Structure formats: structure tokens, C-alpha cells
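Asks: To start, I am sharing the structure in question, which I have written as C-alpha cells.
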Amino acid sequence: MTTIQEYRYGSHPSQFVRMHLPVGDHLPVVVVVHGGFWRSKFGIELAEPLAADLAKFGVAAAAVEYRRVGGGGGWPTTMADVARAVDHLATAGQYVAQGRLRLDRVAAVGHSAGGQLATWLTHRESLRSGTAGSITAASEFVPIIGAVSQAGVLDLIGGSDEHLGNGAVDDLMQGASRSVPQRYHHSSPLEHVGDGARVVCVHGDADESVPLSQSQRYVDAALAAGDPARLVVLPGVGHMELVDPAHEAWAICRDSLLQMV
């Protein structure tokens with residue numbers, strides 16, 4: 016039996032987490048970050064089916080809503096929101112879960128734009144002190160021990176140059192990579208490889224929304240820097256199959272998460 020509880024991590028309507036809690040104690044946690052090119056037209060409904068499925072496997076699944084472009088989000092708000100949502104697992108999250116969460120076993124999964132956010136969360140310890148999401152800027156810090164990126168936009172500079180999502184990266188960063196390079200360095204997971212982050216990138220080779228090269232570039236750079244990254248290429252799989260709980264593509268992502276936690 017699964018129960019659903021919510022907690023807020025801010026006063027904005029989009030600052031909340033919906034937790035899917037199975038029975039039992041000492042529950043590992045998976046943070047589920049939805050995609051939608053960081054735009055407000057897409058929301059937590061994309062993450063909820065995955066969270067519900069994870070809970071069936073004994074995981075406390077925290078589906079995160081956050082401020083998006085067109086709804087108060089963008090640089091640096093969106094990144095700060097997901098970091099704050101995770102850190103609130105130690106307070107509001109434990110409260111609604113009645114203290115049953117294992118905060119030393121927290122992983123993340125994210126699709127598309129959510130893949131950028133989930134992977135970025137694993138790199139928080141390498142962020143410059145005092146910047147959005149850095150551990151020095153947090154009153155509480157809950158580390159992410161690993162992430163599964165589902166067709167994630169992991170190279171924001173490349174995504175800007177490639178005009179992914181009809182300019183979605185530029186909209187998020189409020190400028191092109193050449194005009195605000197420090198923002199891109201802070202927010203692009205590719206810029207933080209070498210800090211030991213454990214990331215599995217799952218990507219279909221028939222994806223027409225986010226090219227496979229996004230995951231390939233990240234994993235190549237991470238492995239060259241000594242990080243335990245891994246790329247799983249799914250033949251004939253497109254973009255949305257990864258978030259279909261009935262599809263084998265999601266099962267591969269879920270199994271990778273369960274191995275982490």
C-alpha cells in the first residue's frame with residue numbers, strides 16, 4: 016500500500032514535493048524531476064507515474080514541482096528550487112514520512128530538462144560557494160548519491176548552440192552561452208565532471224527531441240575525468256518512451272536506480 020503526502024519548500028504555488036510512500040521503515044529515496052524544456056506548460060504530472068511505480072519497489076519517491084520559465088522560473092530560480100526541494104527532505108520530508116527516510120540513500124532521476132536538473136543535483140558539492148544550489152548556500156544539505164538521466168540535456172552550451180526545444184536553453188539561462196558564460200558553467204552538468212558523480216545516462220537512438228550526442232558528450236567527458244558514468248543506448252527508442260511506466264525503457268531506468276539505492 017502506498018500513501019501520498021505533500022510538503023512545501025517555499026511559498027510559490029510551484030514549490031512543492033509530492034511523496035509516494037510505501038510501507039516500511041528505513042526507506043531509500045528517489046527524487047523524480049520532470050522535464051518539459053523547463054517551461055511552465057509542463058508539470059509534475061509527467062513525474063507522478065514514475066514515482067508511483069518506484070514506490071511499488073519499496074522506494075520513497077519524491078516527485079518535485081519547481082518554478083519554470085513562464086511561471087517565475089529560469090536562471091537561477093529553477094536550479095535553486097530543485098536543490099531546496101531535496102534539502103527539505105531532511106525536515107518537511109521526514110515529517111510527512113514520519114521519520115522513515117534514509118537520507119544517506121537518496122538518488123535522482125530526471126527526463127529531458129529534468130535530466131539536466133537531476134544530474135546537476137549530483138554535482139552540487141562542486142558548485143562555487145554561495146551560488147544557487149551550492150552546499151554553502153543551504154541551511155540543510157542532502158547529498159544525491161547518484162542519478163539516472165533519461166535523455167537529459169547535459170551540455171547546456173551545446174544545447175544553446177543547437178537551439179534545442181526552439182531556444183529552450185536560452186530561455187532558461189536568459190541568454191545565449193556566449194553572453195552569460197558563468198550561468199552556463201554553473202548550470203551545465205558537463206562543466207562539473209571530475210568530482211566523482213555517479214550518473215547513468217539512458218538515451219534512445221531514435222530521439223528527435225534531445226539528440227543522443229547530449230548523453231554521449233557527458234559520459235565521454237565524465238569517464239575521461241575518472242567519474243563512474245555509464246551510457247545505455249536503447250535502439251529504436253524515442254524521447255517519451257523513457258517515461259512510460261509500461262515500457263521496457265523505463266524498466267531499465269528503474270533498475271539502474273534500484274541498484275543505486
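If you count the sequence shown from 1, position 109 lands on 124 in the working numbering, and the numbers rise without skipping.
Backbone N, C-alpha and C fix where the C-beta goes; we use that ideal spot for every residue, glycine too.
All values derive from a computational prediction rather than experimental measurement.
Quick one: residues in its chain with C-beta nearer than 6 Å to the C-beta of Tyr24, no 5 flanking neighbours on either side, listed in chain order?
Replies: Within the sequence shown, residue 24 is the residue found at index 9, counting from 1. Excluding residues within five positions, the ones whose Cβ falls inside 6 Å are Gln30, Arg99, Ala100 and His103.
Asks: Tyr233 lies in the alpha helix (DSSP H); which residues open and close that run?
Replies: Position 218 of the sequence shown, counted from the first residue, corresponds to residue 233. Unbroken alpha helix (DSSP H) run through Tyr233: Leu227 to Ala239.
Asks: Using 10 angstroms around the beta-carbon of Tyr110, count the other beta-carbons present and answer buried if the total reaches 16, otherwise exposed.
Replies: To locate residue 110, count along the sequence shown from 1; it is residue 95. The residue is exposed, with fewer than 16 neighbouring Cβ atoms inside 10 Å.
Asks: Quick check on this structure: which residue in Leu136, Val225 and His201 has the alpha carbon closest to the alpha carbon of Arg213?
Replies: Position 198 of the sequence shown, counting from 1, holds the residue named residue 213. When each option's Cα is compared against that of Arg213, the closest is Leu136.
Asks: In angstroms, rounded to a whole number, what distance separates the CA positions of Gln131 and Ser141?
Replies: Residue numbering aside, residue 131 sits at position 116 when the sequence shown is read from its first letter. Residue numbering aside, residue 141 sits at position 126 when the sequence shown is read from its first letter. Rounded to the nearest angstrom, the two C-alpha atoms are 15 Å apart.
Asks: Thinking just about the alpha-carbon of each residue, which of Pro28, Gln231 and Leu118 is nearest to the one in Val46?
Replies: Along the sequence shown, read from residue 1 onward, the residue named residue 46 stands at position 31. Val46 has its Cα closest to that of Leu118, out of Pro28, Gln231 and Leu118.
Asks: So, is Gly161 buried or exposed, given that buried needs 16 or more other C-beta atoms within 10 angstroms?
Replies: Mapped onto the sequence shown, residue 161 falls at position 146. Answer is buried; the Cβ neighbour count reaches 16.
Asks: Would you check if the stretch 197-204 and the stretch 167-182 touch, i.e. whether three or more CB-CB distances between them fall below 8 Å?
Replies: Output reads yes: the stretch 197-204 touches the stretch 167-182.
Asks: In the stretch 59-126, which residue ranges form an unbroken beta strand (DSSP E) of at least 3 residues, counting only runs that do not cross its ends?
Replies: Counting only runs of 3 or more, we get 75-80 and 116-126.
Asks: So, helix, strand or coil for Met34, using DSSP?
Replies: Taking the first residue of the sequence shown as position 1, residue 34 is located at position 19. Here Met34 sits in strand by DSSP.
Asks: How big is the Cα-Cα spacing for Val168 and Val32?
Replies: Within the sequence shown, numbered from 1, the residue matching residue 168 stands at position 153. Within the sequence shown, numbered from 1, the residue matching residue 32 stands at position 17. Going from the Cα of Val168 to the Cα of Val32 covers about 22 Å.
Asks: Assuming contact is defined by CB atoms lying nearer than 8 Å, are Ser224 and His254 in contact in what I supplied?
Replies: For this step, residue 224 is matched to residue 209 along the sequence shown. For this step, residue 254 is matched to residue 239 along the sequence shown. Contact: yes.
Asks: May I have the straight-line CA-CA distance separating Gly219 from Ser203, to the nearest angstrom?
Replies: What you label residue 219 is simply residue 204 of the sequence shown in a count that begins at 1. What you label residue 203 is simply residue 188 of the sequence shown in a count that begins at 1. Roughly 21 Å between the two C-alpha positions.
Asks: Per DSSP, what are the beta-bridge partners of Val157 in this structure?
Replies: Position 142 of the sequence shown, counting from 1, holds the residue named residue 157. According to DSSP, Val157 bridges with nothing at all.
Asks: Any idea what DSSP makes of Val47, helix, strand or coil?
Replies: Residue 47 sits at position 32 when you count from the first residue of the sequence shown. Strand at Val47.
Asks: Should Val124 and Asp186 be called a contact, given that it needs their Cβ atoms to be closer than 8 Å?
Replies: Working through the sequence shown from its first residue, we reach residue 124 at position 109. Working through the sequence shown from its first residue, we reach residue 186 at position 171. Not in contact: Val124 and Asp186 (Cβ atoms no closer than 8 Å).
Asks: Go through its chain and collect everything with a Cβ distance to His138's Cβ below 7 Å, but skip five positions before and after it.
Replies: In the sequence shown, the residue the question calls residue 138 occupies position 123. Pro204, His207, Asp210 and Ala212.
Asks: So, at 8 Å on beta carbons, what are the nonlocal neighbours of Val73 in its own chain, with the 5 sequence-adjacent residues on each side left out?
Replies: Here the question's residue 73 lines up with position 58 in the sequence shown. This sequence places Gly at residue 73; Val is not what is there. Excluding sequence neighbours, Gly73 sits near Pro37, Gly39, Leu42 and Pro43.
Asks: Residues bridged to Ala162 by DSSP?
Replies: For the purposes of this step, residue 162 is identified with residue 147 of the sequence shown, where counting begins at 1. Its beta-bridge partners are Ala123 and Val214.
Asks: Note down the Cα distance separating Pro28 from Val163, rounded to an integer number of angstroms.
Replies: On the sequence shown, position 13 is the one that residue 28 refers to. On the sequence shown, position 148 is the one that residue 163 refers to. Cα to Cα, Pro28 sits roughly 27 Å from Val163.
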